Amino acid sequence: MRTISHEELYTAVSNLVVQANFNLPDHVYQALSTMHSSEKKPLAKETLHILLQNATIAATKHIPLCQDCGSVIVFLQIGTGVTIDGNPEEIINTAVADTYRSHYLRPSIVKDPLFDRTNTGTNTPVFIHTDIVEGDSLAITVYIKGGGSENMSSLRMFTPTADIEQIIDYIVATVKQAGPNPCPPLFLGIGIGGTADVAMLNAKKAVLQKEPHPNEEYRRLEEVILQRCNTTGVGPLGFGGNNTVATVRIKEAPTHIATLPVALNLNCHSLRYRSTIL
Amino acid sequence: MKTIDLHTPIPEHDLQQLKAGDFITISGTIYTARDKAHKKIAELVTQQKPLPIDFTNAVIYYAGPSPAPPGMPIGAIGPTTSYRMDAYTEAMLSLGVRMFIGKGFRSSEVKKLLVNYNAVYCSSFGGAAAYLNQCVVDAQIVAFEEFGPEAMYKLTVEKFPVIVINDMYGGDLYA
């Protein structure tokens, strides 16, 4: 059994928090850059230009990409052959709290959703999702999710006999209705199948998949949804244009004979995440 | 792109010429206020207590900046989503606010109010918070420091870029 030390985990999480908040991943920058090249409307093009400049300023001057430094969502894949020296939940929360303070990141978490909306001041607790996998390594992803785009999340429980057109219509209508609110161009994550909660979680995981779906039918569906969303005219930041959605990613799961959940995670143009393997 | 450069306090004739879709820049003084500050201001108005600033002709920016790192007046400072402030907009208009800056849709009620009060709603660049930091010359907390990032800041800005979404004639860029 391999042991990962308290310090190793703490340092890894802290580094991921910094990278995610200040450095846009290369493929996200590239996606914005490609849209900038193809955009025809002057205001939309100028908007994309500003978003690209934002990424450069954030990285070079060490200013957070967005003032909303998000909820911190952590995905852990813990190998069956690995053990952590200490309570991983405590270590991760401490690393996040310390790093938010030392890097002047905005704390945005309140204690209680209803009766005590006092800012915890540390941006914790972190929301952690754990999978147990084969092997003797620990994979960690830190994903920063802003409140404005999270508010546009959606779940619909379709009947199992619903046809794909109905599902596409629902997705496109949700993106159109959200309009400027979630800060498009969006990275759209779709969870299909499982139970309601699994679909929502898969929508979160889907958005972090760099590559299109490996299965051809799902890949084609991703492409159709992308094309349809980009005919809505919402455009960058809702100012109009052809670039409303940057990428569409689907993560499916087996489901009950009576159900067909479809969950949507609308991520803003500032897709902030970083991963590492210990 | 062609931009219209405005200075605060924004003269009446400058506000009147603004049309949905215009790219404008603002130089001068703007005030941040988001969810908690709006709720608090509304309470102060109801209780007839003194207000933290004079809202006459003010520009209100829906924003909750990240903390200022050493050597900078403020941290990242992009707009937050505006619809959450819809319920308080009439109170702010009646205090004399003439321009709101945020991002995203306003309710049909707010759009009517903007016409009635001859006020303008603009969007800044959501998620361009490091870029917008570069337009802020000075930042001072003027109220509600206890709210942390939701405190009310007086910002001195230089060519702060915004797009007119709802002009005072009912024009709507999002429509």
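Protein sequences, first through last, are from chains R and F. Each residue of the first sequence is one higher than the one before, starting from 2 at the first, in the working numbering. Each residue of the second sequence is one higher than the one before, starting from 93 at the first, in the working numbering. Idealized CB from N, CA, C, for every residue including glycine. Quick caveat: nothing in here was measured; it's all calculated off a predicted structure.
Beta-carbon separation (whole angstroms), residue i vs residue j, contact threshold 8 Å
i: R/Cys184; j: R/Cys269; result: 4 Å
i: F/Lys195; j: F/Gly218; result: 4 Å
i: F/Leu206; j: F/Gly113; result: Actually they do not touch by this definition, with Cβ atoms about 15 Å apart.
i: F/Tyr91; j: F/Gln226; result: The shown model of chain F, from 93 to 267, leaves out residue 91 of chain F, and the question about it has no answer.
i: F/Pro241; j: R/Arg107; result: 5 Å
i: F/Ala155; j: F/Gly170; result: 7 Å
i: F/Phe192; j: R/Asn182; result: That belief does not hold up - the Cβ atoms of F/Phe192 and R/Asn182 are roughly 15 Å apart, past 8 Å.
i: R/Ile79; j: R/Leu139; result: 6 Å
Between the CA atoms of residue j and residue i - distance to the nearest angstrom
i: R/Asn279; j: R/Pro65; result: One point to set straight first is that residue 279 of chain R is Leu, not Asn, in the sequence displayed. Roughly 26 Å between the two C-alpha positions.
i: R/Met158; j: F/Lys94; result: 47 Å
i: F/Thr248; j: R/Leu44; result: 26 Å
i: R/Lys287; j: R/Asp137; result: The displayed coordinates of chain R run from 2 to 279. Any statement about residue 287 of chain R would go beyond what the structure contains.
i: R/Thr4; j: R/Tyr101; result: 27 Å
i: R/Val249; j: R/Tyr171; result: 14 Å
i: R/Asp113; j: R/Ile191; result: 28 Å
i: F/Arg176; j: F/Leu136; result: 19 Å
i: R/Glu91; j: R/Ile129; result: 11 Å
i: F/Lys268; j: R/Thr95; result: Not covered by the structure: residue 268 of chain F. The range shown for chain F is 93 to 267.
i: F/Val229; j: R/Glu151; result: 31 Å
i: R/Ala254; j: R/Asn216; result: 13 Å
i: R/Leu189; j: R/Val246; result: 7 Å
i: R/Leu25; j: F/Pro165; result: 24 Å
i: R/His50; j: R/Leu272; result: 17 Å
i: R/Asn243; j: R/Tyr144; result: 27 Å
i: R/Met2; j: R/Val83; result: 6 Å
i: F/Tyr213; j: R/Ala200; result: 37 Å
i: R/Cys230; j: F/Leu224; result: 28 Å
i: F/Val202; j: F/Phe115; result: 21 Å
i: F/Met260; j: R/Asn88; result: 57 Å
i: R/Val111; j: R/Thr119; result: 5 Å
i: F/Tyr209; j: F/Ser119; result: 23 Å
i: R/Ala59; j: F/Ile255; result: 22 Å
Chain R contact residues for residue i, given Cβ-Cβ distances below 9 Å
i: F/Lys195; result: Gly149, Pro181, Asn182, Cys184, Leu238 and Gly239
Contacts that residue i makes with chain F (C-beta to C-beta distance below 7 Å)
i: R/Leu106; result: Ser158
i: R/Gln54; result: Tyr223
i: R/Ala59; result: Ala222
i: R/Pro213; result: What R/Pro213 touches in chain F: nothing, since even the nearest Cβ is about 24 Å away.
i: R/Ile64; result: Gly167, Ala168, Ala222 and Asn225
Chain R residues whose Cβ lies nearer than 7 Å to that of residue i
i: F/Gly188; result: Within chain R, no residue comes near F/Gly188; the closest Cβ sits about 27 Å away, beyond 7 Å.
i: F/Leu265; result: Phe240
i: F/Thr124; result: Near F/Thr124 there are no residues of chain R at all, since even the closest Cβ is about 10 Å away, more than 7 Å.
Proximity test, residue i beta-carbon vs the ligand GTP heavy atom, cut-off 8 Å
i: F/Thr172; result: Inclusion of the ligand GTP in the displayed structure is not the case, the ligand content being empty and no account of it being possible.
Under 8 Å from the C-beta of residue i: neighbouring residues of chain R
i: F/Ile169; result: Gln68
i: F/Ser215; result: Pro181, Leu238, Gly239 and Phe240
i: F/Met93; result: Pro43, Leu44 and Glu47
Within chain F, partners of residue i - CB distance below 9 Å
i: R/Lys112; result: Result: empty, since nearest Cβ-Cβ is about 13 Å, beyond 9 Å.
i: R/Leu189; result: Here the premise fails: no neighbours, minimum Cβ distance about 16 Å.
Neighbour list for residue i in chain F, Cβ cutoff strictly below 8 Å
i: R/Gly122; result: Gly240
i: R/Lys206; result: By Cβ distance, chain F contributes nothing, its closest Cβ being about 22 Å from R/Lys206, past 8 Å.
i: R/Asn1; result: It is not possible to answer for residue 1 of chain R, since the shown part of chain R is limited to 2 through 279.
What are the residues in the region 246-259 of chain F lying within 9 Å of chain R by C-beta distance? Pro253, Ile255 and Ile257
Contact residues within the region 32-50 of chain R, judged by C-beta distance below 8 Å to chain F: Pro43, Leu44, Glu47 and Thr48
Output needed in chain order: residues of the region 219-241 of chain F with a Cβ under 9 Å from some Cβ in chain R. When C-beta distances to chain R are compared with 9 Å, the residues of the region 219-241 of chain F below that value are Gly219, Ala220, Ala221, Ala222, Tyr223, Leu224, Asn225, Gln226, Phe239, Gly240 and Pro241, in chain order.
Residues in the region 258-275 of chain R with C-beta within 9 Å of chain F's C-beta atoms, listed in sequence order? Cys269, His270 and Ser271
Could you name the residues of the region 105-121 of chain F whose beta carbon sits closer than 8 Å to any beta carbon of chain R, in the order they occur along the chain? Here the close residues are Gly113 and Phe115.
Relative to chain R, which residues along the region 132-161 of chain F have a C-beta separation below 8 Å, given in chain order? Ala155, Gly156, Pro157, Ser158, Pro159, Ala160 and Pro161
I'd like the ranges of any beta strand (DSSP E) spanning at least 3 consecutive residues and lying wholly in the region 113-185 of chain F. 115-124 and 151-153
Whole alpha helix (DSSP H) elements within the region 189-266 of chain F, 4-residue minimum: 200-208 and 221-225
For the region 160-234 of chain R, list the alpha helix (DSSP H) runs that are entirely contained and at least 4 residues long, ordered along the chain. Segments of the alpha helix (DSSP H) lying fully in the region 160-234 of chain R: 165-179, 197-208 and 217-230.
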